[in-house]
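Position in the sequence shown (from 1) plus 573 gives the number in our numbering.
Note that beta-carbon positions come from the ideal geometry of N, C-alpha and C, so glycine has one too.
Since the structure is predicted, the reported quantities are computational estimates derived from the model, not experimental observations.
A quick write-up on the structure given underneath.
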Amino acid sequence: MAEKNEVAQKREFTTGLSQWTNTITGLVSRDFEQNGVKYDEYSKKCAMNAMGAIFQLVQNTDKTDMSNLNTSNLREVVAQCASLKLNANAVPREVYFQLRSKQVNGQWVKMVEMGVEGDGNDALLRQFGNNVDTVYPVWLVKEGDDFTYPRRRGIEIEPAEWIPKGLSDKTVRVVYPVKLKDGTIDYLIAEREPVKTNLIAHIRNNLLNETFGICENRHKATPKQKEEIKAKKEEIMAAVRECETLEDILNCEAARPYISAAWLDTPEAMIVRKMRNNAIKKFPKNLNGMASSSLLQLDETYKASQEEIAENENSQEFVIEDESVVAESEAVEVETPEFAKE
574 MAEKNEVAQK
584 REFTTGLSQW
594 TNTITGLVSR
604 DFEQNGVKYD
614 EYSKKCAMNA
624 MGAIFQLVQN
634 TDKTDMSNLN
644 TSNLREVVAQ
654 CASLKLNANA
664 VPREVYFQLR
674 SKQVNGQWVK
684 MVEMGVEGDG
694 NDALLRQFGN
704 NVDTVYPVWL
714 VKEGDDFTYP
724 RRRGIEIEPA
734 EWIPKGLSDK
744 TVRVVYPVKL
754 KDGTIDYLIA
764 EREPVKTNLI
774 AHIRNNLLNE
784 TFGICENRHK
794 ATPKQKEEIK
804 AKKEEIMAAV
814 RECETLEDIL
824 NCEAARPYIS
834 AAWLDTPEAM
844 IVRKMRNNAI
854 KKFPKNLNGM
864 ASSSLLQLDE
874 TYKASQEEIA
884 ENENSQEFVI
894 EDESVVAESE
904 AVEVETPEFA
914 KE
């Protein structure tokens with residue numbers, strides 16, 4: 574009996590996964606076509622693997638099923654994986670997913686968030702880096718190691734040097750040696766302390782929907798309540814700005830409730846991940862329109878700034894001084910999948 578139940582559950586899982594995968598990847602294929610971007614076999618594979626990973630995540634999360642997800646967000650995330658050619662089934666992992674509750678049009682829905690793992694950065698550099706021939710394994714330079722920065726003499730680059738000493742597990746910088754197609758070796762370097770910017774953006778993003786019990790949700794707040802909420806947020810951010818180091822921010826009592834478990838439980842891994850992100854970001858890439866948009870959407874600083882714009886939009890009356898100036902806009906109808914209307 575137990576064996577029959579297990580077979581039935583497996584069949585149900587496979588059927589459900591197939592239905593969602595066929596629907597979402599079909600929509601993603603349409604997005605590629607409308608943007609004039611080739612939907613090649615590897616992009617399709619990345620889209621399918623993303624759906625498989627997201628479906629498994631939802632199945633393993635209590636009180637959550639696929640119908641609770643925001644469909645447009647799901648479509649966007651799968652399209653990001655496909656356009657950036659990030660494979661959720663790669664080993665080591667190139668991309669990860671997590672679920673987050675967010676309010677959309679007054680309703681709380683589950684949103685999928687995607688993040689690039691360390692090896693995903695290597696994949697992005699290999700796939701899209703301008704004139705990149707080879708991306709060598711990243712150097713994780715620890716505290717106490719001997720490290721000499723590369724030197725530039727005209728157009729020549731003297732090599733960086735790194736001697737690991739094994740004195741600490743604290744990574745102070747990451748270095749990507751990259752061979753270009755002309756044979757030149759370049760070094761992409763990111764330091765530890767600038768990750769503070771990533772963490773502060775993360776905290777700002779998590780504070781977005783916080784009301785501190787002042788009201789039910791920020792969309793229903795009165796002007797007075799909005800001012801109280803804003804003051805509370807500013808108090809927290811002021812405490813964060815007083816922190817001198819990353820470790821100080823992670824230990825800041827005011828900020829900790831708004832720092833995700835990934836940062837608090839495995840801080841060193843998260844810091845290294847962000848350093849690798851930051852190092853790759855600096856290198857010029859040859860991206861199509863979809864990939865460029867996808868990469869921008871994954872940037873935490875950009876996301877935080879967009880959330881802040883959304884939070885404050887229409888908060889002040891906008892007066893057109895010259896009434897002879899009229900702005901025209903085109904209304905765009907977005908097609909909604911049938912299953913999303915149910």
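Exercise for the section: Give a yes or no on whether the C-beta atoms belonging to Val-711 and Tyr-669 are separated by under 9 Å. Expected result: no
Exercise for the section: Count the CB pairs spanning the region 709-725 and the region 671-682 that are closer than 8 Å, and state whether there are at least three. Expected result: no
Exercise for the section: Closer than 7 Å by C-beta to Thr-588: which residues in its own chain qualify, once you throw out the five before and the five after it? Chain order, please. Expected result: none
Handout entry: Inter-residue spacing [alpha-carbon to alpha-carbon] between Phe-685 and Ser-645
Key = Checking the displayed sequence, the identity of residue 685 turns out to be Val instead of Phe. C-alpha separation (whole angstroms): 10 Å.
Problem - Candidates Ser-867, Met-863, Leu-871, Leu-781: closest to Arg-606 by CA position - result: Rather than Arg, the amino acid found at residue 606 in this sequence is Glu. Among Ser-867, Met-863, Leu-871, Leu-781, the Cα nearest to that of Glu-606 belongs to Met-863.
Practice task
Please list the segments of the alpha helix (DSSP H) lying wholly inside the region 620-690, counting only runs of 4 or more residues, in order along the chain.
Solution key: 644-657
Problem - Exposed unless 16 or more other CB atoms sit within 10 angstroms - verdict on Arg-814 - result: exposed
Handout entry: Inter-residue Cα distance where the pair is Ile-853 and Thr-839
Key = 22 Å
Practice task
Give the straight-line distance between the Cα atoms of Glu-800 and Met-624, rounded to the nearest whole angstrom.
Solution key: 41 Å
Exercise for the section: Select from Asn-678, Arg-846, Asn-608 the residue whose C-alpha is nearest the C-alpha of Val-745. Expected result: Arg-846
Exercise for the section: Have a look at Asn-851, Lys-855, Val-651 and flag the residue whose alpha-carbon is nearest the alpha-carbon of Thr-598. Expected result: Val-651
Practice task
Compute the Euclidean distance between the alpha carbons of Ala-804 and Asn-662, then round it to the nearest angstrom.
Solution key: Answer to the nearest angstrom: the Cα atoms are 44 Å apart.
Practice task
Look at the Cβ atom of Leu-659, then the Cβ atom of Glu-667, and state whether they are nearer than 9 Å.
Solution key: yes
Problem - Those residues which DSSP pairs with Ile-758 across a bridge - result: DSSP lists Lys-752 as the bridge partner or partners of Ile-758.
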